[in-house]
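Report on the following structure.
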Amino acid sequence: MPAVSKGDGMRGLAVFISDIRNCKSKEAEVKRINKELANIRSKFKGDKALDGYSKKKYVCKLLFIFLLGHDIDFGHMEAVNLLSSNKYTEKQIGYLFISVLVNSNSELIRLINNAIKNDLASRNPTFMNLALHCIANVGSREMAEAFASDIPRILVAGDTMDSVKQSAALCLLRLNRTSPDLVPMGEWTARVVHLLNDQHLGVVTAATSLITTLAQKSPDDFKTSVSLAVARLSRIVTSASIDLQDYTYYFVAAPWLSVKLLRLLQCYPPPEDASLRSRLTECLETILNKAQEPPKSKKVQHSNAKNAVLFEAIALIIHHDSEPNLLVRACNQLGQFLQHRETNLRYLALESMCTLASSEFSHEAVKTHIETVISALKTERDVSVRQRAVDLLYAMCDRSNSKQIVAEMLSYLETADYSIREEIVLKVAILAEKYAVDYTWYVDTILNLIRIAGDYVSEEVWYRVIQIVINRDDVQGYAAKTVFEALQAPACHENLVKVGGYILGEFGNLIAGDPRSSPLVQFNLLHSKFHLCSVPTRALLLSAYIKFINLFPEVKGTIQDVLRSDSQLRNADVELQQRAVEYLRLSCIASTDILATVLEEMPPFPERESSILAKLKKKKGSSKLPDMDDSRKNVNGNTEHAEDAEVASKVPSHTFTDNLNVNSAPSSGASLLVDVFSDFSSAAPTESSDEHFPRFVCKNNGVIYENQLLQIGLKSEYRQNLGRMYVFYGNKTSTQFQSFSTSVSSNDVLCSQLNVQEKPVDPLIEAGAQVQQILNIECVSDFSDTPVLNIQFRYGGTLQNIAVKLPVMLNKFFQPTEMMSQDFFQRWKQLGAPQQEVQKIFKAKNQMDTDVTKAKVNSEALGQCEHLGPSVTDLSYSINMQSDFSFMILLLLWCFYESSQLTSLCSVAFTPPALRFRCSSVGRCGS
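Start counting the sequence shown at 1; every next residue gets the next number (UniProt numbering).
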């Protein structure tokens, strides 16, 4: 609440707040609030006119009640009336109430706008600040339309007070973020930029925030700000702390303004003017020099302010990427932070060095810290810091240290956190392929990867090793020998069986001369794993068997016996059965020449972009992934130098699994491998997911959908036959969502049973932002289907379509009815008609926990009464369902033991014969 003077303390408000705090229960609080609301309503509607003090007091009480979480549906007009008061405290409370409670679609918005215009024209700085704060807090499009042209004039006016200029700049920043098309800056641009020269540092700070945002969208219009920003920054970093005493924070001169100026300079390339560039370089060197000085205070605030400026200066150095001396000095400074006792500093240092590693000037300097980074990977307690260490090792890797870094990553993988194992696997696979001079090392690395973290080795990784082996004749024999030896382990991961089956099926003949790896030994080794594998892997092994018949005619009879067995010809899986039948017939009727033609060795794959790298970028986010191209690139995207050797980081368009249709149904015409590696579609298909839907049967809040782009959260509330659902859309990317739109669809039957009204949502969602949409729901009659929320937006030029089932179920509109056991059975007996009762007996799947069952069913708004039957675990529930009619549902659940098995009898009785009540699983004894 705003501060008030001692003589204007609103004693009634203080007493009311004290009463609320002294309430012993929620019911007592609600009772006290309802009493106060009735009193305020009577005062507002009374014949006696209220003075300004009384209006302020009652409006303040309404605001406090709203902040406690209660709805307020009156008092808005009284708050608007306070805006016309000449007393500061009354006007302040009025603006505060409007900022918090008034909707942008309110009918009072015109009156509010008139009051704001009067205050802006009053030239009273206090009233102007209040009005500007209100505009910024509401920030609606209507506010922008009404005041977007007035605020720039106030900002650049010569007679405007400094405090008002600050508020105007921040207000304009807010309107530009919400309605950028309504903020015309063309005629005001030069004068706004000139605010960087203002004598008041508060005005400069606010103006810098505004100019930075505008420069990101229109850099050419504000490029004159670079020279002014450099000049202001130079004056700050070269001044003593006593020169800027009012803006010195723990011996650091104007740290917030310094950070903002450095961020503004990151919107532009290095200055072309030699003197300006020299002055900026001098500023950055001064900041780096100050970081080496002993601290002037031992307090954490001093080090935080000092390091904030330092890290922003390093970010600018990395952005420019044009001064080798500065880049190396920045790298050395960050290297000192790698062993700092403060975890946040170690994290920021690792993150910044990841970007430095992509520059040709600082790459070698970053590599000098490899031992420190490896030590952090092994000893760091914080998982986020360990993840940044992995990122840095990945970024600093080249041909000189690739084997060391890959070995350290494999060593760490055995104890790595489960959340980052898949990412480490992808990075190891990329580095091993990219910097492999000897491809036998690459094969050993991938097999070790499968052995250590087989569950996290995606299909792209084992596809990739097969493609490289097929494309390189010099490694085929070694690969066959290595996988043969690896398969002899008692326990092998299924991915290793896939790789082994594929490679031995193609190149097993290269090692068949050794008696220890004869054709029969190879077949028996593969077949010993057959029954432990999933259906897709068994399908691949069957394909390997038919390849063996072509490579090794001497094992033809043995393989035919396997294919002829009942376990294959009568397999329950259609795919395996079809393969066994077709391969058996092929081996029996085809001649040797035909078999050799049909089952010839796979040709080399044509080259395409590596999908492992694409998968890593998709998982990590392209903005956070260090550049791993063959050429080192600077931050501005200019190629500095290329490495001599090229790496075949391409992907095939056809595969062994494609030709033999390993992982797809017989009717599928597309190759699984091609589907995985092709990433060139212009529009994404509609994506739908019901993964989180069942959780909302017994809850109203949570995340209903999430992928790498978007997170959708729900918060619902229901009262009788009405419901309101708040849908939150969160942009998880660093790119703006455009043309964002939603719609709720229902089938024809559901449309007559359930009314859903949706409020419009903002068509633009900024990177990292979240927007809210409100859905109003009315239950007209009982229903069994659910509406679907359709989301459509453009991300990076690609149209995204998502369909999410809204968790609106019949039980959401249940109202629990409490009753005694006598009343329960009395009502039960009254419902004797056959069409009014349904009964089901089912066996429990798990041991029943009575408390869990009660909590589960209570969450579905069922009133409960206990001990109605012969068992101590009997439960009964009653529901009052309300829509355009009202009726009672009685549910009786008896749980008892028969022959050591828990059995449940569930009976449901209800008054309206037409109601279709679906009895779902209850607690732990559900079917």
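Built from N, CA and C at the ideal position, the CB exists for glycine as well.
Predicted model, so just to flag it, every value in this text is computed and none were measured.
With at least 16 other beta carbons inside 10 angstroms of its own, residue 547 counts as buried. Under DSSP, the beta-bridge partners assigned to residue 772 are 728. Contact annotation, residue 432 with residue 446: C-beta distance approximately 7 Å; criterion of less than 8 Å satisfied. In the structure shown, the three-state DSSP call for residue 560 is helix. Counting C-beta atoms within 10 angstroms of its own C-beta, residue 751 has fewer than 16 neighbours from the protein chains shown and is therefore classed as exposed. The region 297-304 and the region 346-355 do not touch, with fewer than 3 CB-CB distances between them shorter than 8 Å. When the alpha-carbon of residue 122 is set against those of 143, 83, 100, the nearest one is in 83. Each residue's CA atom was taken as its position, placing residue 742 and residue 723 some 19 Å apart. At a Cβ-Cβ threshold of 8 Å, residue 615 and residue 518 do not count as neighbours. In the three-state DSSP reduction, residue 715 falls in the strand class (E or B). Using a Cβ-Cβ distance cut-off of 8 Å, the region 810-819 and the region 789-800 are not in contact, since fewer than three pairs of beta carbons, one from each stretch, lie closer than that value. Within the region 280-331, the complete alpha helix (DSSP H) segments at least 4 residues long are 300-320, listed from N- to C-terminus. In this structure, the CA atom of residue 148 is about 24 Å from the CA atom of residue 260.
Shown here, residue 721 sits in coil according to DSSP, grouped into three states, outside any helix or strand.
With distances taken between CA atoms, residue 747 lies nearest to 788 out of 273, 788, 823. Around the Cβ of residue 531, a 10 Å sphere holds fewer than 16 other Cβ atoms; the residue is exposed. Within the DSSP bridge table, the entry for residue 421 names no partner.
Assignment of residue 72 by DSSP, reduced to helix, strand and coil, places it in the coil class.
As DSSP reads the structure, residue 792 sits in a beta bridge with 741, 801. Under DSSP, residue 757 shares a beta bridge with 776. Taking C-beta atoms as the reference points, residue 442 and residue 466 fail to come closer than 8 Å. CA-CA distance, residue 228 to residue 197, rounds to 7 Å. Beyond the five residues adjoining it in sequence on each side, residue 713 comes within less than 6 Å, by CB distance, of 703, 728 in the same chain, given in chain order. Judged by beta-carbon spacing, residue 108 lies beyond the 8 Å limit of residue 70, meaning their Cβ atoms are not closer than that value. Contact between residue 599 and residue 550 holds, with the beta-carbon distance rounding to 4 Å and staying under 8 Å. In this structure, the straight-line span from the alpha carbon of residue 216 to that of residue 398 is close to 34 Å. In the DSSP assignment, residue 442 is bridged to no other residue. With respect to residue 523, residue 477 sits apart: the two C-beta atoms are not nearer than 8 Å. When DSSP states are grouped into helix, strand and coil, residue 46 belongs to the coil group. Closest in C-alpha terms to residue 168, from the list 132, 142, 181, 179, comes 132.
Pairing residue 235 with residue 321, the inter-Cα distance amounts to about 24 Å. Per DSSP, residue 555 lies in no alpha helix (DSSP H) segment and is marked neither H nor E. Looking at 134, 696, 483, the one whose alpha-carbon comes closest to that of residue 450 is 483.
A distance of 8 Å or more separates the beta carbons of residue 263 and residue 189. Residue 565 has its alpha-carbon roughly 39 Å from the corresponding atom of residue 606.
Checking the DSSP bridge columns, you'll see residue 701 partnered with 715.
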